[in-house]
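Student: All letters in the sequence shown, in the order written, are residues 1 to 162 by full-length UniProt numbering.
Heads up, the beta-carbon is just placed ideally off N, CA and C, and yes, glycines get one too.
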Amino acid sequence: KNMITGTSQADCAVLIIDSTPGGFEAGISKDGQTREHALLAYTLGVKQMIVALNKMDATEPKYDQKRYDEIVKEVGNYIKKVGYNPAKVRLLPILGFQGDNMIERSTNLPWYKGPTLLEALDAIDPPKRPSDKPLRLPLQDVYKIGGIGTVPVGRVETGVIK
């Protein structure tokens with residue numbers, strides 16, 4: 001439920017993939033979460049995607065470019081079937097726990113020449129949200145906060161809140 005709620009408001013999906021032996025295969029299998037999340041993101045209208053291949057230090061051998069290439073090929077084929085253009089989807093290796101290739105380039109992945117996760121996020125095309133149109137704010141949730149009152153939460157699609 002939370003994945004669907006968050007994704008319905010997203011401009012870009014970041015699909016985190018487990019690169020470990022067995023982990024990737026489970027996620028990309030017929031009923032795997034990787035497949036499910038990629039399909040849901042596209043179905044919910046998220047047209048931009050970044051795929052981060054996590055746990056590259058747990059591959060055999062560590063930081064294995066062949067494993068990266070194998071996953072990139074298989075994920076690329078699947079996201080194409082879903083509806084994404086693989087040429088426009090960034091696939092990048094990361095080590096989330098250590099922070100490698102997230103903000104700064106990793107010395108553990110010298111073969112990787114693409115952007116860091118932060119650089120890939122910065123390169124996302126911001127959606128056009130016309131401010132000259134009437135206000136359109138689909139609600140995601142409503143909170144009742146003591147001492148403040150009822151607070152609606154959503155995303156401004158068009159118009160401006162003043």
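1) Here's the rule I'm using: 16 or more other beta-carbon atoms within 10 Å means buried, otherwise exposed. How should ALA52 be labelled?
2) Alpha carbons only, please: which of GLY32, ALA38, PHE24 is nearest the one belonging to THR7?
3) By DSSP, does THR107 sit in helix, in strand, or in coil?
4) So is THR150 buried or exposed if we call it buried at 16+ other beta carbons inside 10 Å?
5) Output the distance between the C-alpha atoms of GLU19 and ASN54, rounded to the nearest integer angstrom.
6) DSSP three-state label for GLY22, please.
7) Going straight from the alpha carbon of GLU119 to that of LEU92, what length do you get?
8) Given 8 Å as the limit, is there contact between the region 120–131 and the region 95–104, that is, 3 or more CB pairs closer than that?
Tutor: The answer reads as follows:
1) Looking at its Cβ environment, which holds 16 or more other Cβ atoms inside 10 Å, ALA52 is buried.
2) Closest option to THR7, Cα to Cα, is ALA38.
3) Coil at THR107, not helix or strand.
4) The residue is exposed, with fewer than 16 neighbouring Cβ atoms inside 10 Å.
5) The question names Glu, but residue 19 in the sequence shown is Ser. Answer to the nearest angstrom: the Cα atoms are 6 Å apart.
6) The three-state reading of DSSP puts GLY22 in coil, since its state is none of H, G, I, E or B.
7) Spanning the two alpha carbons is a distance of roughly 11 Å.
8) Fewer than three beta-carbon pairs drawn from the region 120–131 and the region 95–104 are found closer than 8 Å, and the two stretches are therefore not classed as touching.
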